[in-house]
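**Student:** Sending over a structure as structure tokens; questions will come in a sec.
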Amino acid sequence: MEQKTAFIAIVGRPNVGKSSLLNYMLGQKIAIVSSKPQTTRTRIMGVLTENDTQLVFIDTPGLHKPRNDLDKFMLRSVNESVAGVDACLLVVEANKGITEAERMFAEKFKSLDIPAVLAINKTDTIKDKTLLASQIAEFSELYSFSAVVPCSAETGDGIDGLKKELRALSSEGGFMFDEDTLTDQPERVIAAEIIREKLLRLLEKEIPHGSAVFVERMKERENSDIIDMDATIYCEKSSHKGIIIGKGGSMLKKIGSFARQDMEKFFGCKINLQLWVKVKEDWRNRESILRSLGYDNSDFD
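In the working numbering, the protein residues as written are 1 to 301.
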């Protein structure tokens with residue numbers, strides 16, 4: 001069999017379920033998920049190899065109006081992702097009208113003359129499935145999608161059909177990655193993102209977006225199935241530091257406990273995790289800090 005590959009950017013507004021769809025298709029959690037918007041900050045790549053086809057997914061940040069240098073980096077990340085792929089997967093929420101962001105994506109698809117599949121996610125949240133017909137008709141006028149697939153990353157409904165439509169966009173030329181590759185992300189990045197997900201899930205609305213996580217040390221003990229890991233949570237205010245730590249360190253312990261459980265599942269070994277919290281005021285507008293935390297870009301203007 002001739003091997004086929006497609007690079008596919010997953011795009012859409014914040015909080016429509018892009019990362020959840022990616023995780024479900026891969027059968028493994030590599031992108032963090034929360035109910036808060038703007039969870040994904042960087043382009044996380046996932047690789048799905050089934051039979052003769054390899055789909056290389058790029059999970060992008062949700063498109064929103066930039067308010068600081070970090071937001072500008074995220075917006076540029078989206079634009080660069082769309083410009084360098086074979087096809088796009090536009091994810092929208094079931095029973096929602098077209099927004100300005102989705103119109104912008106449609107214009108981008110037209111300018112690049114790129115194939116795109118529309119995934120209408122969260123169909124499990126609507127009882128009357130006939131409502132999808134009008135939504136499909138509305139989006140079909142927006143752009144000539146290769147396929148429109150109602151689906152649910154929560155229940156798995158429609159996911160097989162979605163993967164089938166995406167495989168149809170692949171082309172011959174061999175695999176780009178080994179068949180057992182799941183992601184291109186370094187282990188430290190995956191670990192930091194797992195910790196940040198727990199911040200998003202456990203803390204107040206504004207604090208997590210003013211925080212970042214950096215894994216300082218990650219080392220496997222000799223002759224032992226244990227990884228020692230030191231990570232620092234950066235926040236913008238001293239008051240935020242107190243909330244993240246919690247009374248008697250209770251919140252930080254909870255963050256560490258939940259993060260450790262997910263890491264042990266992902267890495268398949270015991271994790272000895274030590275967390276610290278430091279204040280870096282206005283870090284989202286400080287280029288040197290953004291670069292040190294991995295948001296590397298040649299131009300933050």
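For every residue, glycine included, the Cβ atom is placed at its ideal position computed from N, Cα and C.
Applying the criterion that 16 or more other CB atoms from any shown protein chain within 10 Å of the CB defines a buried residue, is Gly27 buried or exposed?
**Tutor:** Classification of Gly27: exposed, given that the 10 Å Cβ count is below 16.
**Student:** Decide if Asp225 is buried, meaning its Cβ has at least 16 other Cβ atoms within 10 Å, or exposed.
**Tutor:** Exposed is the call here.
**Student:** In the DSSP assignment, find the alpha helix (DSSP H) that holds Tyr24 and state where it starts and stops.
**Tutor:** Taken as a continuous stretch (DSSP letters only), the alpha helix (DSSP H) holding Tyr24 covers 18–26.
**Student:** For Leu89, which option in Cys269, Val213, Lys96, Val149 has the closest C-alpha, if you only look at C-alpha atoms?
**Tutor:** Cα-wise, what sits closest to Leu89 is Val149.
**Student:** Using the rule of at least 16 other Cβ atoms within 10 Å of the residue's Cβ for burial, across every protein chain shown, is Asn121 buried or exposed?
**Tutor:** Buried, by the Cβ-count rule.
**Student:** Between which two residues does the alpha helix (DSSP H) carrying Ile98 extend?
**Tutor:** Run containing Ile98: none; DSSP gives neither H nor E here.
**Student:** To the nearest angstrom, how far is the alpha carbon of Leu203 from that of Ile195?
**Tutor:** If I take the Cα positions, the gap works out to 12 Å.
**Student:** Quick one: measure Cβ to Cβ for Thr183 and Met45, integer angstroms, because I've assumed they're closer than 8 Å.
**Tutor:** Their Cβ separation, rounded to whole angstroms, is 6 Å, which keeps Thr183 and Met45 in contact under 8 Å.
**Student:** Specify the secondary structure class of Val85 as computed by DSSP and reduced to three states.
**Tutor:** Coil at Val85, not helix or strand.
**Student:** Specify whether the segment 12–20 and the segment 128–139 touch according to this definition: at least 3 beta carbon pairs, one from each stretch, less than 8 Å apart.
**Tutor:** These segments do not touch.
**Student:** According to DSSP, is Lys36 part of a helix, a strand, or is it coil?
**Tutor:** Per-residue confidence for Lys36 stands at a pLDDT of 48, beneath the threshold of 50, marking its modelled position as unreliable; no derived number is given.
**Student:** Please name the residue or residues paired with Ile8 in a DSSP beta bridge.
**Tutor:** Answer by DSSP bridge pairing, in chain order: Phe57, Ala87.
**Student:** What residue range does the alpha helix (DSSP H) around Phe266 cover?
**Tutor:** First-last of the alpha helix (DSSP H) with Phe266: 250–267.
**Student:** With distances taken between CB atoms, is the gap from Pro115 to Ser152 smaller than 7 Å?
**Tutor:** Going by C-beta atoms, Pro115 is not nearer than 7 Å to Ser152.
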